[in-house]
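Take a look at the structure set out below.
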Amino acid sequence: MSEGRIAYLNARLLDPASGLDATGAVLVEDGKIADFGPGLFKGGAPSVSRVIDCQGNCLSPGFIDMRVLVPEPGEEHKETFDSASEAALAGGITAYVCLPNTEPAIDNVAGVQYVARRARDLKRAKAYCYGAITKGLEGKELTELGLLHEAGALAFTDGDKAVANAKVMHRALSYSKAFDLLVVQHPAEPDLVGSGVMNKGELSSRLGLGGIPPEAEVMMIERDLRLVEMTGARYHVAHVSTKMAVDVIREAKRKGLKVTCDTAPHYFALNETSVGDYRTFAKVSPPLRDEFDRRAIVEGLADGTIDLIASDHIPHDQDSKRLPFALAEFGIIGMETLLALTLELYHNGHLSLLDAIAKITQKPAHVLRMGGGRLKRGEAADLTIFDPDRPGTIREDGFRSKSNNSPYDGRPIQGRVMATIVDGRMLFKDEGF
Amino acid sequence: MTDTSATDYRFPHPHILGIEGFSAQDITHLLDLADKYVDQNRRFDKKTDEMHGMTVINLFFENSTRTRTSFELAAKRLGADTINMSVESSSIKKGETLIDTAMTLNAMHPDVLVVRHSESGATKLLSEKVNCAVINAGDGSHEHPTQALLDALTIRRRKGRLNNMTVAICGDVAHSRVARSNIHLLHTMGARVRLVAPPTLLPAAADRLGVEVFTDMREGLKDCDIVMMLRLQMERMQGSFVPSTREYFRFFGLDREKLAFAKADALVMHPGPMNRGVEIDSDLADDIDRSVIREQVEMGVAVRMACVDILTRAKREEQA
Numbered sequence: 001m002s003e004g005r006i007a008y009l010n011a012r013l014l015d016p017a018s019g020l021d022a023t024g025a026v027l028v029e030d031g032k033i034a035d036f037g038p039g040l041f042k043g044g045a046p047s048v049s050r051v052i053d054c055q056g057n058c059l060s061p062g063f064i065d066m067r068v069l070v071p072e073p074g075e076e077h078k079e080t081f082d083s084a085s086e087a088a089l090a091g092g093i094t095a096y097v098c099l100p101n102t103e104p105a106i107d108n109v110a111g112v113q114y115v116a117r118r119a120r121d122l123k124r125a126k127a128y129c130y131g132a133i134t135k136g137l138e139g140k141e142l143t144e145l146g147l148l149h150e151a152g153a154l155a156f157t158d159g160d161k162a163v164a165n166a167k168v169m170h171r172a173l174s175y176s177k178a179f180d181l182l183v184v185q186h187p188a189e190p191d192l193v194g195s196g197v198m199n200k201g202e203l204s205s206r207l208g209l210g211g212i213p214p215e216a217e218v219m220m221i222e223r224d225l226r227l228v229e230m231t232g233a234r235y236h237v238a239h240v241s242t243k244m245a246v247d248v249i250r251e252a253k254r255k256g257l258k259v260t261c262d263t264a265p266h267y268f269a270l271n272e273t274s275v276g277d278y279r280t281f282a283k284v285s286p287p288l289r290d291e292f293d294r295r296a297i298v299e300g301l302a303d304g305t306i307d308l309i310a311s312d313h314i315p316h317d318q319d320s321k322r323l324p325f326a327l328a329e330f331g332i333i334g335m336e337t338l339l340a341l342t343l344e345l346y347h348n349g350h351l352s353l354l355d356a357i358a359k360i361t362q363k364p365a366h367v368l369r370m371g372g373g374r375l376k377r378g379e380a381a382d383l384t385i386f387d388p389d390r391p392g393t394i395r396e397d398g399f400r401s402k403s404n405n406s407p408y409d410g411r412p413i414q415g416r417v418m419a420t421i422v423d424g425r426m427l428f429k430d431e432g433f
Numbered sequence: 001m002t003d004t005s006a007t008d009y010r011f012p013h014p015h016i017l018g019i020e021g022f023s024a025q026d027i028t029h030l031l032d033l034a035d036k037y038v039d040q041n042r043r044f045d046k047k048t049d050e051m052h053g054m055t056v057i058n059l060f061f062e063n064s065t066r067t068r069t070s071f072e073l074a075a076k077r078l079g080a081d082t083i084n085m086s087v088e089s090s091s092i093k094k095g096e097t098l099i100d101t102a103m104t105l106n107a108m109h110p111d112v113l114v115v116r117h118s119e120s121g122a123t124k125l126l127s128e129k130v131n132c133a134v135i136n137a138g139d140g141s142h143e144h145p146t147q148a149l150l151d152a153l154t155i156r157r158r159k160g161r162l163n164n165m166t167v168a169i170c171g172d173v174a175h176s177r178v179a180r181s182n183i184h185l186l187h188t189m190g191a192r193v194r195l196v197a198p199p200t201l202l203p204a205a206a207d208r209l210g211v212e213v214f215t216d217m218r219e220g221l222k223d224c225d226i227v228m229m230l231r232l233q234m235e236r237m238q239g240s241f242v243p244s245t246r247e248y249f250r251f252f253g254l255d256r257e258k259l260a261f262a263k264a265d266a267l268v269m270h271p272g273p274m275n276r277g278v279e280i281d282s283d284l285a286d287d288i289d290r291s292v293i294r295e296q297v298e299m300g301v302a303v304r305m306a307c308v309d310i311l312t313r314a315k316r317e318e319q320a
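Read top to bottom, the protein sequences are chains A and B. Position 369 of the first sequence, counting from 1, maps to 369 under UniProt numbering, and the rest follow consecutively. Position 265 of the second sequence, counting from 1, maps to 265 under UniProt numbering, and the rest follow consecutively.
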């Protein structure tokens, strides 16, 4: 469904893929990018059915969030595709990739088709999914990786569970190589994690909470990298949180291994002190680390070791969080705060605006080998219009997500999504736009 | 000993959830008050009516006989009404029980809730949901503030001071709420604190807690004024944290030979209940010249009276 020819004028065009950062216009026709550039419509008024004045706001490819949990089926009271889609659109996200940690897990073709059908019927933000690496996420038997991929699974992961068995991981990587599939690991050595609930260190000792050592992360990555060397498979590390992991991945990339990684905003915007006073909204897996690690994550993002940023959106209701710390669930919602927190890297001088936006557009599209993530003639018109400077405050009562487990309530921010366009249709518009 | 009662000092905390965050003045004030209650408790008539009409609820999600009894007696001697609630935590999801029970009890207008729970931070969470004062009677591996206060009172009465005392806390420090509260209290009061344990029973980054860390009992006890032994849970003895009971006793159990490295007049303490022959030699535990374990129990009632008293004082003054 299209709205004919629409012209977006007076926009600051941002396209990380081509390095474009200039004032210009975009012409959308039949839901696709027909033309764009600084010179477009310079010759006179365009003959279009609708003109939208972007008021000098940035216009970039729609954001892609490669790590979202929509617990449908299973825990619809926490989030559904309906609510997740609205949260995504409000966050400027035009496409998101769902983790397989549903009940039942996405470990069969029907599960992948379910996500595709829900997204198609909703016609809101585009929802994709991962296939599970192992049946029932149990870390034992491989799923039908090839068939799941054919059905539309973009990549493979056991989500918030690590594939702990070295033999199983070796087989997964080895088999994936034949189909050139991407395998995504939650890097945590389960026995070292044990009953840990926060970063291991002075603070966990003071609070009397079980600690998860940073070594649990890097050990799993180091083991996997050996398997990647053995198999030549494509491997991606999810939500890197420690300096040790960043250093090891930097070295692996230097050696030419096909390894990529992401982090989530909480690993560069917060540190472990956020869980002081037992704040369960800051309980997340992997845990928030210390300031030393947080800075290393920022450095990893700046030098490109960390390819991209995913929100790691894990919705939980009050009953799952209003508990003694050790009993509360892990997870933070993140889609609606993704832009503002990513822009902190720009406002604090760690990344250029283009590089910051690349982390949530071009880079995830590239890693997942999916469409979008760039301004290109003939591509779907998935676009986000945002003001990178507008000040505001994160409010937990302002979320469109069904859950509000965000540790950022009250945080002052800069940057606001003004409009979100999917296939040429403006599905979200801020009241100030 | 500074007398804080004459000044216009007011106890600034609405709850007693932990020693961390308490000033030396807060601690001294509580100990001075408890000292008076020790005298009261030794009289024939141990009961006053200071808290007449007030209600103290002991809410225990974890089994405990001695601590609960101590709190109950403390409240009764101040003239308050008390009830004990033991919540079976095995059958129901603990967290739901905690908040639901707290809200229910809150509706009954208690003045003080004494709470013990197996999860760190549980009493803090509960204190955010109720309108009355909350005393932490032990939360997970976090804090057990009244135990640290009674230990401090015991030391102060025996040694006359806390500052510059050298105190060795020995055993399962990693899982011990008693150890954490004692570290904070002793550190705040100017004592030198040592932790003595095998590395598997030391908390992470222990050296950053303002203590000296030892993994050898003889070195750790050298020239100590106080030897504080901790209880080692049975389930942690069989090959998980330490290889065996007998190996533990051999290297980390307190006996006369190891105690000889401490000062000649060093006192032996234990929060109870003791595992005789595991962390402490049975004979030594009963030696009235060295062991003050029974005295600790006596101080417990006085300290808990002070805590209940101080937290309800503002309310009573308002009424009067």
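Backbone N, C-alpha and C fix where the C-beta goes; we use that ideal spot for every residue, glycine too. Note that the coordinates shown come from a computational prediction; the quantities given were computed from them, not determined experimentally.
Ordered along the chain, which non-local residues of its own chain (more than five positions away) have a Cβ less than 6 Å from that of Thr154(B)? Val292, Glu295, Gln296, Met299
So Pro100(A) and Gly159(A) are supposed to be a Cβ contact under 8 Å. How far apart are they, rounded? 5 Å
Mind checking if Pro214(A) is an interface residue toward chain B, Cβ cutoff 8 Å exclusive? no
Mapping the DSSP letters down to three states, classify Ser91(B) as helix, strand or coil. Below a pLDDT of 50, predicted positions are generally treated as unreliable, and Ser91(B), at 44, falls in that range; no measurement from the model is reported.
Is Asn182(B) buried or exposed, if buried means 16 or more other CB atoms sit within 10 Å of its CB? buried
Does the beta carbon of Ser127(B) sit closer than 8 Å to a beta carbon anywhere in chain A? no
Residue burial classification, Glu62(B) (beta-carbon count within 10 angstroms, cutoff 16): buried
Cβ closer than 8 Å: which chain A residues qualify as neighbours of Ser120(B)? Leu207, Gly208, Leu209, Tyr278, Pro324, Phe325, Ala326
The alpha helix (DSSP H) enclosing Asp82(A), as first and last residue numbers: 81-90
So Ile64(A) packs on Gly424(A), CB below 8 Å; how close in whole Å? Between Gly424(A) and Ile64(A) the Cβ distance is about 17 Å, and since that is not below 8 Å, they are no contact.
What residues in its chain sit with their C-beta under 8 Å from that of Ser352(A), if we drop five residues either side in the sequence? Tyr346
State the Cα-Cα distance for the pair Arg411(A) and Gly136(A), rounded to the nearest angstrom. 38 Å
Based on the DSSP secondary-structure assignment, which residues constitute the bridge partners of Phe214(B)? Val196(B)
Could you please tell me which residues of the stretch 24-45 of chain A, in chain order, have their CB closer than 9 Å to any CB of chain B? none
Within 10 angstroms of its Cβ, does Tyr96(A) collect 16 or more other Cβ (buried), or is it exposed? buried
Using the three-state DSSP reduction, which class does Ala11(A) fall into: helix, strand or coil? strand
Is Met230(A) buried or exposed, if buried means 16 or more other CB atoms sit within 10 Å of its CB? exposed
In chain B, which residues lie less than 9 Å from Lys200(A) when you measure between Cβ atoms? Ala204, Ala205
Top-ranked residue by Cα proximity to Asp111(B), from Met103(B), Ile57(B), Asp139(B), Met274(B): Ile57(B)
Are Val213(B) and Leu259(B) touching if we call contact CB-CB under 8 Å? no
Per DSSP, which one or two residues make a beta bridge with Gln185(A)? Val237(A)
Starting from the C-beta of Ala282(A), find all residues in its chain whose C-beta is less than 8 Å away, skip the five residues before and the five after it, and write them out in chain order. His266, Leu270, Ser274, Val275, Leu288, Ile332, Pro407
With a cut-off of 8 Å, does the C-beta of Arg156(B) fall near any C-beta of chain A? no
Would Pro61(A) and Leu341(A) qualify as a contact pair, given that the criterion is a beta-carbon distance under 8 Å? no
Determine the closest residue to Gly53(B) out of Asp39(B), Ile19(B), Ala80(B), Val301(B), with distance taken between C-alpha atoms. Ala80(B)
Entirely enclosed beta strand (DSSP E) segments - the stretch 119-179 of chain A, minimum 3 residues: 126-129
Pull up the distance between the alpha-carbon of residue 383(B) and that of Gly211(A), whole angstroms please. Chain B is shown from 1 up to 320; residue 383(B) falls before or after that span and cannot be answered.
Buried or exposed for His77(A), please, with buried defined as at least 16 other CB atoms from any protein chain shown within 10 angstroms of its CB. exposed
Could you tell me the alpha carbon to alpha carbon distance between His109(B) and Ala110(A), rounded to whole angstroms? 55 Å
Indicate whether Leu30(B) and Ile310(B) have their beta-carbon atoms separated by less than 8 Å. yes
What do you reckon, are the CB atoms on Leu33(B) and Glu50(B) nearer than 8 Å? no
For Arg279(A) and Met1(B), the rounded distance between their alpha carbons: Because Met1(B) carries a pLDDT of 47, less than 50, the predicted location of this residue cannot be relied on, and no value is offered for it.
Between the stretch 274-285 of chain B and the stretch 245-265 of chain B, are three or more C-beta pairs nearer than 8 Å? yes
Identify which residue in Met305(B), Ala152(B), Gln319(B) has its Cα closest to the Cα of Lys47(B). Met305(B)
Examine chain A for any beta-carbon lying closer than 8 Å to the beta-carbon of Ile99(B), and answer yes or no. yes
With distances taken between CB atoms, is the gap from His142(B) to Ser127(B) smaller than 8 Å? no
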